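Below is one structure, written out as structure tokens; comments come after it.
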Amino acid sequence: MPRILRMAVLFFVTSTLLVTAVTYTIARLGLGDPFAGLGAEAALDPVAKEKLESLYGLGKGLVTGYFAFLCFLLCGNAPPSIKYGIPATDLAVKALPYTLVPVLLGVAGAVLLAIAWSLIYGFHVPGYIRFLAFVPSFVYAVVFGLTSWYFGWPPPRVCTCLDKMTVYTLLVLVVSWPRILHMLEGVVETILYEHQGYVEVLRAMGFREAQIRLHIMKIAAAPMAAYTAVHLAMVFERSAIIEPLLGYPGLGLMLYRAVLHADLPLATVAFAVIGFVGVVSNVLGRLFEGLLDPRVMERQPLGSLT
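Each residue of the sequence shown is one higher than the one before, counting from 1 in the UniProt record's numbering.
Below is the structure:
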């Protein structure tokens, strides 16, 4: 097996174990007793409570419960959601595409827009775009949400209609484009510093500026792939903040509701799926970076994958 694949597999396994362990610990200790409000005057019969804790794996210690939760994930048979009464893995798998599709489309559109801007206007980023790169994503979500109530598009109610998905995709694009463009500017500055002689040779050979920019973009492809993967994971993780503001029922809104209602099974599974997508995104980004520039894996230690 090539070294790059060995490193990717090792990183994937260790990161997945770390993400699930942190996820389970936070959900188990942070959400408290999910059955505290059940029964007459919030006093549940001890026998009934013991049965519920056994069903949901809460009667075990933290370490034992984590390994039971890990087995649930691997087998795809997590306990049912306390709020919905449906297996938590089924709910998470059903909601995952609703978040994944607009996030992928939005980030892909932002990358293409950043490349087009750089090839047409050059690599210098105007000040207002630099400012937009540091605006938090929830600010855009609030603006989109308020305008939906005023204009009725997208519909302000919670739904997965095409209008709502389109707005979510546009939101991701608007958030991602200035950040990717700003990153690209920094990468190109480093490239121009390290390859100034190469650029001067291209100019002396009669290459037009547009052709030179294209050559520089090819050199910048590897670090850009790595950054895009990290950014994609970040956007996906922030779905728990964005989707409740948009009224979009994807995995982020499901996680928000699970935490709100102390739904431990659903919260742990939703947390784990979001973390898992982040790990996969980072692994794929590093693989693409290594394929585009093999020197990356030759000069970087294993820990650099993180």
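We treat Cβ as the ideally placed atom computed from N, Cα and C, and that holds for glycine. Source: prediction; values computed, not measured.
The Cβ-Cβ distance between residue 233 and residue 20 does not fall below 8 Å. Residues of the same chain with a CB within less than 6 Å of the CB of residue 287, apart from the 5 flanking positions on each side, are 8 in chain order.
The C-beta distance from residue 119 to residue 210 rounds to 6 Å, short enough to meet the 8 Å contact threshold. Inter-segment contact for the stretch 78-92 and the stretch 252-268 is present: three or more beta-carbon pairs are separated by less than 8 Å. With a beta-carbon spacing of about 4 Å, residue 123 and residue 188 fall inside the 8 Å limit used to define contacts. Your pair residue 95 and residue 249 checks out as a contact, with CB atoms roughly 7 Å apart and the cut at 8 Å. Around the C-beta of residue 106, 16 or more other C-beta atoms lie within 10 Å, and the residue is accordingly described as buried. Residue 110 has its alpha-carbon roughly 24 Å from the corresponding atom of residue 253.
Under DSSP, residue 87 takes part in a beta bridge, and its partners are 80.
In the pairwise beta carbon analysis, the stretch 59-78 is classified as not touching the stretch 206-222: fewer than three pairs are separated by under 8 Å.
Here residue 55 has 79 as same chain residues with Cβ atoms under 7 Å from its own Cβ, once five neighbours each way along the sequence are excluded. Assigned with DSSP and collapsed to three states, residue 56 falls in coil, not helix or strand. Unbroken alpha helix (DSSP H) runs of no fewer than 4 residues, entirely contained in the stretch 143-214, are found at 162-194, 196-204, following chain order.
In the assembly as shown, residue 145 is a buried residue. Its beta-carbon has 16 or more other beta-carbons within 10 Å.
Just measuring C-alpha positions, the residue of 276, 60, 214 sitting nearest residue 22 is 276.
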